[in-house]
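So the structure is just underneath, and the comments pick up after that.
Number of protein chains: 2
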Amino acid sequence: MKVKLFVSLIMLTICFTAFAQEKQSTAVAEKGLTKVCVMYPFAEGKTFDMAYYETKHMPMVAGFLGSNLVKYSIEKGIASGIPNQPLPFMAIGTFYVKSLSEYQAAIGPNRDAIRADFPKYTNISPVILVSEVVK
Amino acid sequence: MKVKLFVSLIMLTICFTAFAQEKQSTAVAEKGLTKVCVMYPFAEGKTFDMAYYETKHMPMVAGFLGSNLVKYSIEKGIASGIPNQPLPFMAIGTFYVKSLSEYQAAIGPNRDAIRADFPKYTNISPVILVSEVVK
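Top line first, the protein sequences correspond to chains A and B.
Be aware that the first sequence starts at 1, since it is given in the working numbering, and climbs by one per residue.
Be aware that the second sequence starts at 1001, since it is given in the working numbering, and climbs by one per residue.
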């Protein structure tokens, strides 16, 4: 009887500890990280294949980044938030990394492969913003 | 003995269910949401007071959005990711909302208050991108 109770308590402790850690990692995950936003400006005649970008290009680049990559996101531009202004960007892909220098070291040897993949989904030259997550 | 075992199993089930839901809500929280990114382009002579933006402006706007706002983030531009190119944006503030029309309905009546606050932290006219979170 005592052994059963003891085992139950141990299991519950392990479970709640895992739960607490999950909650914490969710809450503080982004602040202080470095973001690398690859932004594709909209203009007449520009094209962007979101399906290829989501299923091929971004997973390839993410694969180069290893454990330095915390997460990545993709957004599809819909409109300008200011009436009568053109769409600013057709798409933005963002890498959240722990270390910018590690990011650069990982991308460097793969730059040619990344650039060779561009024409497969777009004819846009991206703008790249490196930023720090403040909140 | 059987009752204890039964109670332990019930407790473990509840605990693991809570854990599973937490993981799921983390993983799918952003996909499908609408992002409104307020982007402040860098140029010579432009200024941006990040402390005011973080502690006053963004909390004020977030307060107008109510339960439609899932979260908001702030990033501080550090550099262009392309060598020898200028910093694209000094700062970006992003609202993740469930409904764009609700966002617009909430901002509309408060537009004057929001604009009147701009000169307190910047002399930049922002670019605003409305986008859909794909991943």
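Glycine included, each C-beta is placed from N, C-alpha and C at the ideal position.
Predicted model only: the values in this text are computed from it and were never measured.
Through-space distance from residue j to residue i, alpha-carbon basis
| i | j | result |
| --- | --- | --- |
| P1086(B) | E1030(B) | 30 Å |
| P41(A) | V127(A) | 7 Å |
| V70(A) | K1120(B) | 34 Å |
| G32(A) | N68(A) | 14 Å |
| V1057(B) | Y1072(B) | Correcting the residue type first, residue 1057(B) is His in the shown sequence and not Val. So the two alpha carbons sit approximately 12 Å from each other. |
| E44(A) | N110(A) | 30 Å |
| I1122(B) | V38(A) | According to the sequence provided, residue 1122(B) is Thr. The question's Ile does not apply to it. So the alpha carbons of these two residues sit roughly 25 Å apart. |
Sequence-distant residues of the same chain with beta carbon closer than 6 Å to residue i, five excluded per side
| i | result |
| --- | --- |
| M90(A) | Y40, F42, F48 and G77 |
| G108(A) | none |
is_contact[residue i, chain B] using C-beta, thresh 8 Å
| i | result |
| --- | --- |
| K135(A) | yes |
| P88(A) | yes |
| A62(A) | no |
| K35(A) | yes |
Residue nearest to residue i in terms of C-alpha spacing, selected from the options
| i | options | result |
| --- | --- | --- |
| A1079(B) | V133(A), V134(A), G32(A) and L129(A) | L129(A) |
| G1081(B) | T94(A), Y72(A) and P59(A) | T94(A) |
| K136(A) | E1044(B), G1032(B), L1033(B) and Y1053(B) | Residue 136(A) falls outside the range modelled here, since chain A spans only 1 to 135, and no answer is possible. |
| A1113(B) | V1061(B), E1075(B) and P1083(B) | V1061(B) |
| F64(A) | D117(A), I74(A), T55(A) and A106(A) | A106(A) |
| E1139(B) | A1051(B), P1083(B) and G1066(B) | No answer is possible for residue 1139(B): the residues shown for chain B start at 1001 and end at 1135. |
Cut-off 8 Å between Cβ atoms - residues of its own chain near residue i, not counting five sequence neighbours on either side
| i | result |
| --- | --- |
| T34(A) | Y96, V97, K98, S99, L100, Y103, V130, S131, E132 and V133 |
| P88(A) | P41, F42, G77 and S80 |
Identity of the residues DSSP links to residue i by a beta bridge
| i | result |
| --- | --- |
| P41(A) | F89(A) |
| A79(A) | V1130(B) |
| F95(A) | V36(A) and Y72(A) |
| F1118(B) | F1118(B) is not bridged to any residue. |
| F1048(B) | T1122(B) |
Any chain A beta carbon closer than 8 Å to residue i
| i | result |
| --- | --- |
| Q1021(B) | Caution applies to Q1021(B), whose pLDDT of 47 falls short of 50 and renders its modelled position unreliable; the value that the coordinates give is listed next. With 8 Å as the cut-off, Q1021(B) does not count as an interface residue toward chain A. |
| E1044(B) | no |
| I1114(B) | no |
| K1129(B) | It should be pointed out that residue 1129(B) corresponds to Leu in this sequence rather than to Lys. Cβ-Cβ to chain A under 8 Å: yes for L1129(B). |
| S1101(B) | no |
| M1050(B) | yes |
| K1076(B) | yes |
| V1097(B) | no |
Nonlocal neighbours in the same chain, by C-beta distance under 7 Å from residue i, ignoring five residues either side
| i | result |
| --- | --- |
| K1046(B) | M1090, N1123 and I1124 |
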